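In this note's numbering, the protein residues as written are 478 to 612.
Virtual Cβ for every residue (Gly too), placed ideally from N, Cα, C.
Since we're looking at a predicted model, the values are computed, not measured.
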């Protein structure tokens, strides 16, 4: 029962953050599934992929109603991603849990570094006082 409650809390929190910031569920799901729920890295990654099906469907449907989805680009990216995820799943299955965890940690660090650098560059362009406000 505890695992179900943890999974519900994770899903709800990740859904809010994904909808608010547009972050991929895997960045939120995988660490929580390994650290809180106790899944192995490969189990967490596979579970995260499966969990994204309803999230993606609902998110795309809502954003479509706002007129924000560019379907041609979405189909091209989606088809290419389907091939990539199939290959990635095969590769992940052949790597050990420790290797996967290390690679995932490096991905998170790289993402954090990229975000930090982009914020610093934006601040430098706008000056140190933050974004300009209209007069």
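For the set 604, 582 and 593, the Cα lying nearest the Cα of residue 518 is the one of 582.
Rounded to the nearest whole angstrom, the CA to CA distance from residue 490 to residue 502 is 10 angstroms. Rounded to whole angstroms, the Cβ separation of residue 525 and residue 510 is 7 angstroms, and the two are in contact under 8 angstroms.
Of the candidates 546, 488 and 576, the residue whose Cα lies closest to the Cα of residue 527 is 488. About 31 angstroms separates the CB atoms of residue 514 and residue 551; that is not less than 8 angstroms, and the two are not in contact. In the structure shown, the three-state DSSP call for residue 517 is coil.
Going by beta carbons, residue 533 and residue 522 fall outside the 8 angstroms limit.
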